[in-house]
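K.L.:
I have a structure here, written as structure tokens, and I will follow up with some questions on it.
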Ligand code: UDP
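This is the structure we're talking about:
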């Protein structure tokens, strides 16, 4: 028996959308890279996603891995509004599939909105349903006051956990939180981390890439990611304010976000002004995923100050480039960053501790080099082909009716 064809549901996370701005980020990268790696291992994958600005029709990621855009609400609908368009999207998938006469062995849903769709599809096709939630309402709400979530979200998540045959969690922290907050049976949960493209994200000559980016001899601290409150850019500003190294010796590059006019970008810029570190921070804006290895390689240290992170692809990409990471000790980040070996993990409440760790790394080229080398070695265990192999093994166990215990 083999897994011939999988249906991925990525309702609002088109794998072809450019990550790093608005709502497009790690989930979009995950769906694209996981499906590509599955395709390379011989599994055909159809990814169903909603039509959006610049995304319609059928496109291929590689031969055998298709992105199928179907109508699913107005292009500019918010996450909260999207919920009411799920039945129409489900109907569109059924119509598409009936027209093509396709069959699938497994449905794999990404995020709660997709899980609502995937659950119903799997039921009507009588095939197993696998869910990766990426983030969960109750964990997000616990990690930072003021995060509002659509009312239905936690109910849909609870129901999907109950009915899915298997749940993929990125870390033990996420699995424990599912059990604690949603009452999920941990034996249903498989741990499989995110992955990284080890060919794209690799160590390069730092002098060379710095020249290309117009950098001089200053130390470079890097932030990469969407610009939104949960990402903790206020902590980044505070870290800059606490550092002893002067403005002439250090640059902090903020990569990602939509630039001026985006409320969170404006808030962070204002904070930087108030803390008198605006001269030290460059807001670069969104950078194409293919160009990011230049930034990771130019940096002396990558800072991930998130209040919560279910995984933290940025930390892994940085490590794959051989750049140490200073990150918050939250969510899945401790499964990537080995404290004291590939960087440091700090409490997000302590900007002084962040600043100390960053200064420790940038003031010792020996430490920076040894941590960078250890970071790359660790990342080498986490290529996408390994992740795809772990997950397709789960598919196979489900379709052949094995009852696997969670790991
Ligand atoms: N990213 C990008 N360009 C940018 C900023 C971010 O391509 O300007 C990518 C980054 O490389 C990573 C993803 O967006 O792959 C962010 O993933 P992460 O898991 O760190 O955060 P999330 O978006 O899931 O919260």
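Residue numbers (the working numbering): 296 to 702. In this text, a Cβ means the ideal position worked out from N, Cα and C, and glycines have one as well. Computed from a predicted model, the values in this text were never measured in an experiment.
#1: Helix, strand or coil for residue 302? Go by DSSP, reduced to three states.
#2: Which residue marks the beginning of the alpha helix (DSSP H) containing residue 313, and which one marks its end?
#3: Using the C-alpha atoms, what's the distance from residue 598 back to residue 530?
#4: What are the start and end residues of each continuous beta strand (DSSP E) run of 3 or more residues lying completely inside the stretch 505 to 573, in chain order?
#5: Would residue 489 and residue 611 be called neighbours here (beta carbons separated by less than 8 Å)?
#6: So, under 8 Å CB-CB, residue 695 and residue 296 are touching, yes? Tell me the CB distance rounded to an integer number of Å.
#7: Could you give the DSSP three-state label for residue 465: helix, strand or coil?
#8: Quick one: what's got a C-beta closer than 7 Å to residue 629's C-beta in the same chain, skipping five residues either side?
#9: Give me the Cα-Cα distance between residue 356 and residue 507, rounded to the nearest whole angstrom.
#10: Quick test of the definition: if touching needs 3 or more C-beta pairs under 8 Å, does the stretch 567 to 577 touch the stretch 531 to 538?
#11: Since residue 549 and residue 583 should fall inside the 8 Å C-beta cutoff, what is the C-beta to C-beta distance between them, to a whole number of angstroms?
#12: Measure the beta-carbon distance from residue 487 to residue 685 and round it to whole angstroms, keeping in mind my assumption that it falls under 8 Å.
#13: With three or more beta-carbon pairs closer than 8 Å as the criterion, would you say the stretch 335 to 355 touches the stretch 431 to 450?
#14: Please classify residue 742 as buried or exposed, where buried requires at least 16 other C-beta atoms within 10 Å of its C-beta.
#15: Measure the C-alpha to C-alpha separation of residue 340 and residue 301 and round it to an integer number of angstroms.
#16: So, helix, strand or coil for residue 336, using DSSP?
#17: Can you tell me where the alpha helix (DSSP H) holding residue 665 begins and where it ends?
#18: Residues around the ligand UDP, please: the ones whose beta-carbon is closer than 6 Å to some heavy atom of it, in chain order.
#19: Which residue comes first and which comes last in the beta strand (DSSP E) that contains residue 403?
#20: Secondary structure at residue 653, three-state DSSP: helix, strand or coil?
#21: Out of 471, 689, 461, 317, state which residue places its alpha-carbon closest to the alpha-carbon of residue 372.
#22: Nearest to residue 464 by CA position, among 604, 485, 298, 678, is which residue?
#23: Going along the chain, which residues of its own chain have a beta-carbon closer than 7 Å to the beta-carbon of residue 579, five neighbours each way excluded?
#24: For residue 414 and residue 424, which I take to be in contact (beta-carbon distance under 8 Å), what is that distance rounded to the nearest angstrom?
#25: Residue ranges of each beta strand (DSSP E) run of no fewer than 3 residues wholly in the stretch 587 to 638, ordered along the chain?
#26: Run through the DSSP bridge pairs and tell me what residue 577 is partnered with.
#27: Let me know the secondary structure DSSP gives residue 496 once reduced to three states.
#28: Rounded to whole angstroms, what is the Cα-Cα separation between residue 518 and residue 400?
#29: Taking the continuous alpha helix (DSSP H) assigned at residue 486, which residues delimit it?
#30: In chain order, what residues of the same chain lie with their CB nearer than 6 Å to the CB of residue 459, ignoring the 5 residues before and after it?
#31: Do you know offhand how far residue 602's Cα is from residue 354's?
#32: Is there contact here, the stretch 583 to 592 with the stretch 467 to 478, by at least three beta-carbon pairs under 8 Å?
#33: In whole angstroms, what separates the C-alpha of residue 616 from that of residue 656?
#34: Figure out for me which residue from 595, 681, 473, 636 has the closest Cα to the Cα of residue 455.
P.N.:
Taking the definition as stated:
#1: Along the chain shown, one-based indexing puts residue 302 at 7. Residue state, collapsed to three classes: strand.
#2: For the purposes of this step, residue 313 is taken as the residue at position 18 of the chain shown. No alpha helix (DSSP H) holds residue 313; DSSP gives it neither H nor E.
#3: Position 235 of the chain shown, counting from 1, holds the residue named residue 530. Position 303 of the chain shown, counting from 1, holds the residue named residue 598. Taking the straight line joining both Cα atoms gives about 10 Å.
#4: Here the runs fully enclosed are 514 to 519, 545 to 550.
#5: Sequence index remark: in the chain shown, residue 489 carries index 194 (1-based). Sequence index remark: in the chain shown, residue 611 carries index 316 (1-based). Yes, the pair counts as a contact, with Cβ atoms nearer than the cut-off.
#6: In the chain shown, counting from the first residue as 1, residue 695 sits at position 400. In the chain shown, counting from the first residue as 1, residue 296 sits at position 1. 5 Å between Cβ atoms; contact.
#7: For the purposes of this step, residue 465 is taken as residue 170 along the chain shown, with counting starting at 1. Looking at residue 465 - three-state DSSP - the assignment turns out to be coil, as it is neither helix nor strand.
#8: Here residue 629 corresponds to residue number 334 of the chain shown, with the count starting at 1. Counting only Cβ-Cβ distances below 7 Å, and skipping sequence neighbours, we find 640.
#9: As a working note, residue 356 is residue 61 in the chain shown. As a working note, residue 507 is residue 212 in the chain shown. Each residue's alpha carbon lies about 29 Å from the other.
#10: yes
#11: Walking along the chain shown from the start, residue 549 turns up at place 254. Walking along the chain shown from the start, residue 583 turns up at place 288. The beta-carbon separation of residue 549 and residue 583, rounded to 16 Å, does not stay under the 8 Å limit for a contact.
#12: One-based indexing of the chain shown puts residue 487 at position 192. One-based indexing of the chain shown puts residue 685 at position 390. 5 Å between Cβ atoms; contact.
#13: no
#14: Missing from the structure shown is residue 742; the chain here goes from 296 to 702 and no further.
#15: Numbered from its first residue, the chain shown carries residue 340 at position 45. Numbered from its first residue, the chain shown carries residue 301 at position 6. Using only the alpha carbons, I get a separation of about 5 Å.
#16: Here residue 336 is taken as the residue at index 41 of the chain shown, counted from 1. If DSSP states are grouped into helix, strand and coil, residue 336 belongs with coil.
#17: Locating residue 665 in the chain shown gives position 370, counting from the first residue. From DSSP, the alpha helix (DSSP H) with residue 665 extends over 660 to 674.
#18: 314, 315, 320, 321, 322, 324, 519, 520, 521, 550, 551, 581, 582, 584, 587, 606, 607, 608, 609, 612
#19: The sequence position of residue 403 within the chain shown is 108, counting from 1. Residues 401 to 405.
#20: Sequence index remark: in the chain shown, residue 653 carries index 358 (1-based). Helix.
#21: Counting from 1 along the chain shown, the entry for residue 372 is found at position 77. Checked all of 471, 689, 461, 317; the closest Cα to residue 372 is 317.
#22: As a working note, residue 464 is residue 169 in the chain shown. Checking every option, the nearest Cα to that of residue 464 belongs to 485.
#23: Residue 579 sits at position 284 when you count from the first residue of the chain shown. If we look at residue 579 and ignore the five residues flanking it on each side, its Cβ neighbours are 548, 549, 550.
#24: Taking the chain shown and counting its residues from 1, one reaches residue 414 at position 119. Taking the chain shown and counting its residues from 1, one reaches residue 424 at position 129. Going by Cβ atoms, the distance from residue 414 to residue 424 rounds to 6 Å, so yes, they are a contact pair.
#25: 596 to 599, 620 to 623
#26: Here residue 577 is taken as the residue at index 282 of the chain shown, counted from 1. Residue 577 pairs with 548.
#27: Taking the chain shown and counting its residues from 1, the one referred to as residue 496 is at position 201. Coil.
#28: Position 223 of the chain shown, counted from the first residue, corresponds to residue 518. Position 105 of the chain shown, counted from the first residue, corresponds to residue 400. Straight-line Cα distance between these residues: approximately 40 Å.
#29: Translated into the one-based positions of the chain shown, residue 486 becomes position 191. Premise fails: residue 486 lies in the beta strand (DSSP E), 484 to 486, not in any alpha helix (DSSP H).
#30: In the chain shown, residue 459 corresponds to position 164, counting from 1. For residue 459, where only same-chain residues beyond five positions count, the Cβ hits under 6 Å are 424, 426.
#31: As a working mapping, residue 602 is identified with position 307 in the chain shown. As a working mapping, residue 354 is identified with position 59 in the chain shown. Looking at the two C-alpha atoms, the distance is approximately 36 Å.
#32: no
#33: As a first step, residue 616 is located in the chain shown; it is residue number 321 there, counting from the start. As a first step, residue 656 is located in the chain shown; it is residue number 361 there, counting from the start. One C-alpha to the other measures close to 16 Å.
#34: Here residue 455 refers to the residue found at position 160 of the chain shown. Ranking 595, 681, 473, 636 by Cα distance to residue 455 puts 473 first.
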